[in-house]
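Novice:
In the numbering used here, the protein residues as written are 110 to 290.
If you want it as structure tokens, here you go:
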């Protein structure tokens, strides 16, 4: 039942909802939020719309549905943590080193289907996942705090270092300032 939709969508950054015609291709859930993978009639790339940001929609029975070519939607997110991905994104080898206190959590609840253990010693376990580098991956890594170290790729190492330095900066200054507020 493929139908074009007229959708009024209000992004977090927008002051008002924008109305456009979209061709919906896939519904995807991530962290209890649903997303519509679609293409705007006037656009050329796939877009990810959060369902809870859709203000209004209606079917357009007289608008021809445009099939999106070149993407297998059954596998589109197979190399992705989350929903942030462009068609050009390709999986990269991400190497993560966890302390052995937390490694069992990663073993029993893998970060991704591609996860494998590379090495294990008395202090750490090193994992590899083959995933697209995106915001959700960074958030997942940052959620482990001091228990994980990114070893590769270099771009991800630098991004995580920068974000941790920024987070650390939030706590610089007089520690008594926080207590007096």
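Glycine residues also receive a C-beta, built at the ideal position from the N, C-alpha and C atoms.
So what's residue 163 in DSSP terms, helix, strand or just coil?
Specialist: Of the three classes helix, strand and coil, the one that applies to residue 163 here is strand, per DSSP.
Novice: Based on Cα-Cα distance, which residue from 259, 276, 136, 214 lies nearest to residue 155?
Specialist: If we check each option's Cα against that of residue 155, 136 comes out closest.
Novice: What are the boundary residues of the beta strand (DSSP E) that residue 170 is part of?
Specialist: No beta strand (DSSP E) holds residue 170; DSSP gives it neither H nor E.
Novice: At 4 residues or longer, what runs of the alpha helix (DSSP H) sit wholly inside the stretch 204-264?
Specialist: Listed in chain order, they are 212-217, 244-251.
Novice: Taking the beta strand (DSSP E) that residue 200 falls in, what are its first and last residues?
Specialist: It is not in any beta strand (DSSP E) - residue 200 carries neither H nor E in the DSSP assignment.
Novice: Which residues in the same chain as residue 268 place their Cβ atom closer than 7 Å to its Cβ, once the five residues preceding and following it in sequence are excluded?
Specialist: Excluding residues within five positions, the ones whose Cβ falls inside 7 Å are 247.
Novice: So who's on the other strand from residue 155, going by DSSP bridges?
Specialist: Residue 155 pairs with 148.
Novice: Tell me the rounded alpha-carbon separation between residue 244 and residue 167.
Specialist: Straight-line Cα distance between these residues: approximately 31 Å.
Novice: Evaluate contact between the stretch 232-240 and the stretch 206-215, counting only Cβ atoms and requiring at least three cross-stretch pairs below 8 Å.
Specialist: Segments in contact, yes.
Novice: Note down the Cα distance separating residue 201 from residue 127, rounded to an integer number of angstroms.
Specialist: Roughly 35 Å between the two C-alpha positions.
Novice: Please report how far the alpha carbon of residue 186 lies from the alpha carbon of residue 217, in whole angstroms.
Specialist: Computed Cα separation, rounded: 22 Å.
Novice: Flag this pair as touching only if the stretch 141-160 and the stretch 175-191 have three or more C-beta atom pairs under 8 Å; answer yes or no.
Specialist: Yes, the stretch 141-160 touches the stretch 175-191.
Novice: Give the C-beta separation of residue 265 and residue 259 to the nearest angstrom, bearing in mind that I take them to be a contact with Cβ-Cβ under 8 Å.
Specialist: Going by Cβ atoms, the distance from residue 265 to residue 259 rounds to 5 Å, so yes, they are a contact pair.
Novice: Taking all protein chains shown into account, do 16 or more other C-beta atoms lie within 10 angstroms of the C-beta of residue 176, making it buried, or fewer, making it exposed?
Specialist: Result: exposed.
Novice: Taking residue 132 as the reference, which of 230, 198, 112 has the closest Cα?
Specialist: The option with the nearest alpha carbon to residue 132 is 112.
Novice: Rounding to the nearest angstrom, what Cα-Cα distance links residue 252 and residue 115 in this structure?
Specialist: Distance between the alpha carbons of residue 252 and residue 115: 37 Å.
Novice: Could you give the C-beta distance for residue 157 and residue 192, rounded to a whole number, given that I count them as a contact under 8 Å?
Specialist: With a Cβ gap of about 5 Å, residue 157 and residue 192 count as contacting.
Novice: Does DSSP classify residue 140 as helix, strand or coil?
Specialist: Looking at residue 140 - three-state DSSP - the assignment turns out to be coil, as it is neither helix nor strand.
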